[in-house]
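Down below is the structure, laid out as C-alpha cells.
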Amino acid sequence: MAKNLERSFRAVAIDLFRELRKEDQGNIFFSPFSIQAAFSMFLAGSGGVTHEEISKVLHVMTKNPGDVHVQFRDLLKTIENHKDVTLATANKVFVQDGAKIQEEYLSRVKESYLSAVENTDFSDDTNRAKINAWVENQTKNKIKDLLPPGSLNAMTRIVLVNAIYFKGNWLNQFDPASTRNQPFFQTKKKTIDVPMMSRKGNYRLIDIDALNARILELPYKGESMSMFLLVPREVDGLEALENALTHEMLEKVISTKGARRELTVVLPKFKLESSFTLRKTLSKLGMPSAFNADEADFSGITGDKSLFVSEGYHKAFLEVNEEGSEAAAATRASGLGCAFGEIEEEVRVDRPFLFFIKDGPLGVVLFFGKVSLELRNEDQGNIFFSPFSIQAAFSMVLAGSGGVTHEEMSKVLHVMTKNPGDVHDQFRDLLKTIEVFVQDGAKIQEEYLSRVKENYLSAVENTDFSDDANRAKINAWVEDQTKNNIKDLLPPGSLNAMTRIVLVNAIYFKGNWLNQFDPARTRNQPFFQTKEKTIDVPMMSRKGHYRLIDIDALNARILELPYKGESMSMFLLVPREVDGLEALESALTHEMLEKVISTKGARRELTVVLPKFKLEYSFTLSKTLSKLGMPSAFNADEADFSGITGDKSLFVSEGYHKAFLEVNEEGSEAAAATGYPLECGGAFVEIEEVRVDRPFLFFIKDGPLGVVLFFGKVSS
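Under the UniProt record's numbering, the residue at position 315 of the sequence shown is numbered 315, and the numbers go up by one with no gaps.
Right, dumping it as C-alpha cells:
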C-alpha cells in the first residue's frame, strides 16, 4: 500500500482525536480506520466542494482521485491475510428501494471497498434493526444498536456501513495469578484501585522527550499487530501529551525503532465502550458541506445533488486483559520476582493514556483511543475510533466526487496525488469488507459502481431506504461483519425516502498478544485519573521483552504490545506525568505520529503493568469532517458527487462511526508509564518496569501495512 494512504490514516486519527477530546475529557476510543473507510465510500461519489472537503479531511488529496479507492481495495485484500490474530473489516451499502444510484458508483464501491450492496426500505424501522444486526454480527456481538431510533426514515436514500473487529492474544500473555488490585493515578492526589496485570519480558520502550512520555509496544501473537501505549512521564501529564501529539509526532512514535529490552510491565485491565455521532466532528474538521442538504454534492452517487449525509454514527468497544485484547483465557503463570542480581524496569500504565492499534506490515492505524476516567464506564470520556474505517468509507465517496468537494475530501483524507486513481487502487489491496446499498431505482453511474467494486472490493445491493426495516438490515450486516460487536450503526431517522446510496465499511480485528498476560496475576491496583484521584481497576502484569521508546517532544513513553504473528501491534502512548495526557494530545501531530510509528528500538526486558479495559464509542462525522476541511460534502447546495449520480444532486447527510475494543490478558478484540527500578540484592543489571498507572493514549497498528486501525484514550 502506498505510504501516502497509510499516513492519511494516521493523520485522520490525530485530527479526529484532537477534535473529540474538545467535547469529551474522559476515556475515548474509536476506529479511525472504520470512519475513514465509511467516508471514503462517500468520497467515491462526491463532487465539487464536497469532494475537496472530504479529501482534505481524509488527507487523501491526490491529482488522481481514483488512487484512494484503488489503494483501499489493495488494503482490504491484504487485511484478509493475518493468521495469528482475528482481524476482519466489512463494508456494506444499504440503498433505499427504488432509489436511483449510479451504477458506476456501486461498481466502484463493490470493487474498491469489497462492499456488498443491499436494497432496503428505510421507512420501515425493522430494517434499521436488520442493519444493526449486521453490525452486531460483524463485530462478534460487541457493537449493538449502532443506528439509534429515528436515524433512518422515508427520506433516507443510502446508508454506508463499515464494521471492524479485532481480537488478538498478547505475544507474551500476562499471568492472571500476578494480577492484583493496585492504585491507578487519576491525578497526583487521587487514585483508584484497579486490577493491574504484571509481567516481566522483553518489550520495546521508547522515551520521546517532545511528548514527555514513554511509548510501550505490546505485540500480539504473530507480531503483525501491536498495541502502543503512550504513557506520560508525569502522573498529570496526559493533557500535555495530548496537546503535543500531532500528525508529525505520531509518525515519529510509529517510525521510531528500538531493540526490545527486559522490562516489568504493569498495566491495568480495562474495558472501553464509546459511541458518538460524526456530523458535528467532521464538519468542524472541514467537511461541512457533506452534511448540508443545500451544499452537498454526491452527484457521483445519484447523478444529481439531492443527496447529503444526515449523520454519522460510530461505536467502539475494547477490552484489555492478561491474554490480550477481548479474550480472557488464562495462560501459564510465571513469577514476577527478580532473578538474582537484577534490577527491573517496570512500565506501569497507571495514569490516563493514549493508545492505538497498528498493522505492522501495512503501517495502518486501525484504531485509536484515549483512557482517562472511569475504566468501567463507557461514557466518562474515553475515545476510540477506527481512522482506517472512516477513511475507507469516505474514500469510496471520494471516488464519485468532483470539483471543490473532491479537493476538500482529498485534503482531509491526506491523499493529494497527481493521479487520483492511485488512492483507490491502493485501497483495493487493503480492504476486505465494504458494502454499498443503493436505493431501488436510483441512477448510479456504472463507472462509479465498477470502481467501487474493483478498488474497494465492495458488494452493491439495492434496497428501499424508505422502509426502516432495511436500515435494520444494514445494521445487521455491520453486526455480522464485526462479529456482533457493532450494533445499530445507523440510528433511527438516518435513512429516508430521499436517501439514494449508503456506503458501509466494517472492520473487525481480534488478536492475541504475542506474549499473553497471566489472568492469575491480574490484581486491582490504582489507576491515576489525576494527580489527586485514583480508581482501582484490574491491572494485568507481565515480565517480558517489549519495545519501549521515550519521546521527549511528547513527554511520553511509547510501549508496543505485539500480537501473535507480530504483524499487528498495539501502541500505548503513556505520558511521563500523571496529568500529562492533555499536553501529549496537544503535541501529537501528524508528524509526531509518523515519528512514533517509524522509531525503531530493540526489545528489552520490562515488567508491563496495564489495565484491562473495554471501549465502545459512537459518533457522527459531519461536524468533525467539516471542521477538518470538507464541509461541501455535507452541504446539499455545494456537494459535488457527480461521479456517482451524473449530477450534483447528491450530498452526504451524515457519517456514523462506531468502534469497539476490549483489551485483556489474551490480547485485543476490535502508556509508556513512568517506571521505577525494583532492586534485588547482589551484582545486578537493570530491568526496567513499565507501569501504565495513569491516563494514557494508545493505538493498534498493522505492522506490515503501517495502518492505524484503532486509536484511543484511557483516563479512568
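Just so you know, even glycine gets a beta-carbon here, dropped at the ideal spot from N, CA and C. Every value quoted in this text rests on a predicted model; they were computed, and no experiment measured them.
Classify N81: buried if its beta carbon has 16 or more other beta carbons within 10 angstroms, exposed otherwise.
exposed
With a floor of 4 residues, list each alpha helix (DSSP H) that falls wholly inside the segment 108-136, ordered by position along the chain.
none
Throw me the rounded Cβ distance for the R233 and R604 pair, which I believe falls under 8 Å.
Not quite, the Cβ-Cβ distance comes to about 18 Å (not below 8 Å), so this is no contact.
Which residue's Cα is closest to the Cα of L664: Q173, L5, K411, L572?
Correcting the residue identity first, residue 664 is Asn in this sequence and not Leu. Closest by alpha carbon: Q173.
For P631, does the three-state DSSP call read helix, strand or coil?
helix
Closest by CA to F699, which one among V117, F385, K188?
Nearest Cα to F699 within the set V117, F385, K188: F385.
Applying the 10 Å Cβ sphere with the 16-neighbour rule, what's the burial state of D359?
buried
Output the distance between the C-alpha atoms of R376 and Q71, rounded to the nearest integer angstrom.
At R376, the pLDDT of 37 sits below 50, so the modelled position is not reliable; the number obtained from the coordinates is stated separately. If I take the Cα positions, the gap works out to 38 Å.
Quick one: grab the DSSP three-state call for M227.
strand
Rounded to the nearest angstrom, what separates M592 and T246 at their Cα positions?
Each residue's alpha carbon lies about 5 Å from the other.
My output table needs one value for T645: the three-state DSSP class, helix, strand or coil.
helix
Measure how close the beta-carbons of S226 and Y508 come, nearest whole angstrom, since I'm counting them as under 8 Å.
That pair is no contact at about 18 Å.
Mind the definition here: the segment 491-501 touches the segment 647-659 only if three or more C-beta pairs lie below 8 Å; say whether that holds.
yes
Can you tell me which of V349, R199, N243, A469 puts its alpha carbon nearest to the alpha carbon of Q529?
V349
Look at the alpha carbon of G303 and the alpha carbon of G643, and state the distance between them as a whole number of angstroms.
7 Å
Identify which residue in S178, S40, L5, E262 has its Cα closest to the Cα of S389.
S40
How far does the beta strand (DSSP E) with E322 in it extend, from its first residue to its last?
First-last for E322: undefined, no H or E at that position.
Indicate whether H414 and Y617 have their beta-carbon atoms separated by less than 8 Å.
The answer is no: Cβ separation not under 8 Å.
Which same chain residues, not among the five before or five after D552, have their C-beta less than 6 Å away from its C-beta?
I208, D209, A210
Give the single residue among I474, D294, S716, G324 whose Cα lies nearest to the Cα of V85.
G324
Could you give the distance in angstroms between the alpha-carbon of T89 and the alpha-carbon of E669?
12 Å
Cβ contact (3+ pairs, closer than 8 Å) linking the segment 106-113 and the segment 127-146
no
Within the same chain, show all residues whose beta-carbon is closer than 7 Å to that of D467, passing over the 5 residues directly before and after it, in chain order.
D97, T120, D121, F122, S123, D124, N127
What are the start and end residues of the beta strand (DSSP E) that includes V478?
Note, V478: premise wrong, no beta strand (DSSP E); alpha helix (DSSP H) at 468-481.
Would you call the CB atoms of L205 and R547 closer than 8 Å?
yes
Could you spell out where the alpha helix (DSSP H) holding L581 opens and where it closes?
581-587
Using a Cβ-Cβ cutoff of less than 7 Å, which residues in the same chain neighbour T624 once the five nearest sequence positions on both sides are dropped?
Hits under 7 Å: L16, E19, L278, K280, T281, L282, S283, K284, L285.
Write down every uninterrupted run of the alpha helix (DSSP H) in the segment 520-605 whose length is 4 residues or greater and which is fully enclosed by it, in chain order.
581-587, 590-598
Helix, strand or coil at P183 according to DSSP, with G and I counted as helix
strand
First and last residue of the uninterrupted beta strand (DSSP E) at S275:
Residues 270-277.
Touch check for the segment 44-61 and the segment 597-616: three-plus C-beta pairs under 8 Å?
no
Rounded to whole angstroms, what is the Cα-Cα separation between M570 and V159?
31 Å
In whole angstroms, what is the alpha-carbon distance linking V265 and V231?
If I take the Cα positions, the gap works out to 12 Å.
Could you tell me the distance, in whole angstroms, from the CA atom of M196 to the CA atom of A244?
27 Å
Contained beta strand (DSSP E) runs [length at least 3] in the segment 138-224, N- to C-terminal order
158-174, 180-184, 192-196, 199-219
Since I301 is in the alpha helix (DSSP H), which residue starts that stretch and which ends it?
From DSSP, the alpha helix (DSSP H) with I301 extends over 299-302.
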